[in-house]
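Chains as they are written, first to last, in my numbering: chain A, 526 to 728; chain B, 526 to 728; chain C, 526 to 728; chain D, 526 to 728.
Structure record follows, encoded as structure tokens.
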DNA sequence: GATGAATGAGCATTCATTCAT
DNA sequence: AATGAATGAATGCTCATTCAT
């Protein structure tokens, strides 16, 4: 009888979740602009107008996808940071969290990579700017501490290093596929290897 | 063939070039799908219908931008490779060529980064696949040779290493701006520093 | 028939009445076409689909509002006419009945003023034509008798005079508000003063 | 070659005028809300999307109709007032101007009567409030002066008298038709007769 | 080369209505 | 009586493209 116990809300939220999943996939593959609400509705097996029973607009759909994604990512980050590991181990954990996201929510990750810059300028999407700022703060704090602890090359500019690492890492979503030949852990290990240096005997 | 006779065509090709520049900028900033031919025509100071005197379609515009871009990039790569430097020096030169592109043709670079994956699937854009394949071959050949020569960490998977490097490097276009605080050379130097290793004392 | 037995129906009819009141107000303010069934349902605190337990369609709602309104107005008129007063006193009484309607049922009056002409052409709204015809007959009979009795200017065309009076009078609903500075009786007195002549010394 | 001499702009403005005329008629008959841009386009013999070559929105169409109407009416009023006739003759002239409008532009008049109250609240339609204010000022000035000169019944409240006259007069558009049995001059004469008093021997 | 008018397909969204629960 | 999900048709509007002038 209660909301929690009743199947009604469950069904409702399952429907919403289904639509969000479909939309994330289509937005990620074809782009937000080029994907129509009919595309989404067709895959959900309903008419396009019926989408509006669940979401107030096409924008509201992508907003919810990105909000959920960033919220989840930052929650993972917060857990990691609260463990108070060394900066190096924290960085390893942050990297693992990112690769796990790529593995588990590739569409949301790709969507964020592709559309965030554009959406950031639109009213109602300010959270993209503030959340990406929080993410950057977490990383840069660890990079700076790593430099202090002697684990991170001191001559690196932390701001630029963060951007290089961030873009190289998250871009994995563009080519990593479950059906590919590498597991996500193998890819992550290669990435960490790369952070230990590509060019040798050169300093 | 002479100046007088070719004047008309010169003007014509100047107009074309102007439109291509405007389109590259607008496509890069707002996305190909979300940018209208009217947006382009407005900035060019003509009506949207008049664009069709210069280009057969909106697709033809982006195709020409990307063809020119990839052709130019590969031409630069060919010059570099033909110099027969050591693999390490060749890689440095390839990196420099890329950063110079980012500096000089940021819109085309950004456009390629953002839209190539989607456009690749469209008839008429097969050149994207073939040219990006050629680019990858150039890099992988040098990475493999670098491993043979002992300049590149042998435990790296060349295919993955290439992707990490490629994505981290070209993504610079997303945040590098002439009005930023770093010169393109400073950014490139930081990038090379990163390739020499972020994480230390760890092997 | 008893309170206990009729409770359900009472509640039912109270609900109906509430919905009719809300609908009349919204239709009067925003127009029938521009008011949605959801607007009505929202104010009634139910979902739009639930309206269809009380009314078979949006049209049925406005039909019932207008039927009730015209029925009530004509009932008042019938009482007045049956009193067999002089034509002048009958006209005064008809005018008072109209102004009281404006005071007590402003939304229904406004709705009838604004939408009747359009709705009259729609199947199912023939009663608008027949009832407005009956209203006109009542007035014109009194105007004609007033001319016979010498109380009404003989040179007036009764058909046109009726229309002028009708429109000037009922349009009061557009600007009369309880929060205005005039009472309904003051407005009515001014209207009667006007019927005694605006322009003087002129015949 | 000049704009004025060229047929291009003429044709353009003829098209616009045709669309405005059609829209005024349809809006007046079916209501602004219930009339679709497809209805208008159909009568103009073009597709609905082509309307947007001439007008930026459906709202822009009704706005232009009403702006033109009020501008024309006030221009007529200004000419009349500048003649400096007696207040009584000025009022006669204002009345004639109104009836001529009803005769010549019945759709615009009806549109204004039916929709102005609603549109007034919408951004971009503030001119309705300001222009109707100017109209009221013209009338009230003459009514007040008429009272001072002894031509208008002194016991009338000028504000209310104006509203009664205005509504009775402009509502003529609802029943006057060229194909009716009265000429516009006959209707006007009856209206003036009414202003000289309906009820007689009664003061 | 460019204009201005138009096309035709499509888009996000709205809305009255239905119906199983 | 009411809900919540869905329908299906329509709505205002956009956009790439065409073409006579």
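The beta-carbon is built from N, C-alpha and C at its ideal position, and this holds for glycine as well.
These figures come from a predicted structure and were not determined experimentally.
Query: C-alpha gap between residue 591(B) and residue 542(A), whole angstroms; Result: 38 Å
Query: Meets three-Cβ-pair contact criterion under 8 Å: the segment 706-715 of chain D and the segment 681-698 of chain C; Result: yes
Query: Assigned exposure category for residue 547(A) - 16 Cβ within 10 Å defines buried; Result: buried
Query: DSSP state of residue 571(D) mapped onto helix, strand, coil; Result: coil
Query: Rounded C-alpha distance that separates residue 589(C) from residue 641(D); Result: 27 Å
Query: Spatial distance of residue 722(C) from residue 558(C) (CA atoms); Result: 39 Å
Query: Contacts of residue 682(B) in chain A (Cβ-Cβ under 7 Å); Result: 715
Query: Element boundaries [alpha helix (DSSP H), containing residue 590(B)]; Result: 583-607
Query: Cβ of residue 556(B) within 9 Å of any chain A Cβ; Result: yes
Query: Span separating the alpha-carbon of residue 549(C) from that of residue 632(C); Result: 6 Å
Query: Sequence-distant residues of the same chain with beta carbon closer than 7 Å to residue 670(A), five excluded per side; Result: 612
Query: Test: residue 722(D) CB closer than 9 Å to a CB of chain C; Result: yes
Query: Test: residue 623(B) CB closer than 9 Å to a CB of chain A; Result: no
Query: Closer than 9 Å to chain B by CB, residue 697(A); Result: yes
Query: Segment limits, alpha helix (DSSP H) that includes residue 658(B); Result: 651-674
Query: Chain-ordered chain C contacts of residue 689(D) [CB-CB under 7 Å]; Result: 693, 716, 719
Query: Proximal residues to residue 555(B) (C-beta, below 8 Å), its chain only, five neighbours per side dropped; Result: 564
Query: C-alpha distance - residue 718(C) paired with residue 719(D), whole-angstrom precision; Result: 12 Å
Query: Cross-chain neighbours of residue 559(D) in chain C, by beta carbon under 9 Å; Result: 556, 557, 558, 559, 643
Query: Cβ neighbours of residue 732(D) in the same chain (closer than 8 Å, five flanking residues each side left out); Result: Because chain D in this structure spans residues 526 to 728, residue 732(D) falls outside the shown range and cannot be described.
Query: Three-state class that DSSP yields for residue 677(A) in the structure shown; Result: strand
Query: 8 Å Cβ shell around residue 697(D) - same chain, five flanking residues per side excluded; Result: 624, 627, 712, 716
Query: Other residues of its chain near residue 616(A): CB distance less than 7 Å, five sequence neighbours each side excluded; Result: 667, 671
Query: Runs of beta strand (DSSP E) lying entirely within the segment 617-650 of chain B, each at least 3 residues, in chain order; Result: none
Query: Proximal residues of chain D, C-beta to C-beta of residue 553(C) below 7 Å; Result: Within 7 Å Cβ-Cβ: nothing; residue 553(C) doesn't reach chain D, min ~10 Å.
Query: Helix, strand or coil at residue 561(D) [DSSP, three-state]; Result: coil
Query: Boundaries (first-last residue) of the alpha helix (DSSP H) holding residue 713(B); Result: 709-720
Query: Cβ of residue 664(D) within 9 Å of any chain C Cβ; Result: no
Query: Test: residue 686(A) CB closer than 9 Å to a CB of chain B; Result: yes
Query: Residue 689(A): first and last residue of the uninterrupted alpha helix (DSSP H) it sits in; Result: 683-695
Query: Proximity test, Cβ basis, 9 Å: residue 634(D) and chain C; Result: no
Query: Within 9 Å, strictly: CB atoms of residue 665(D) and residue 599(D); Result: no
Query: Counted within 10 angstroms of its Cβ, other Cβ atoms place residue 544(B) as buried (16 or more) or exposed; Result: buried
Query: Where residue 577(C) falls, given that 16 or more other Cβ within 10 Å makes a residue buried; Result: exposed
Query: Residues that residue 562(D) contacts on chain C, provided the C-beta gap is smaller than 9 Å; Result: Those do not exist, as residue 562(D) stays about 15 Å from chain C at its closest Cβ, beyond 9 Å.
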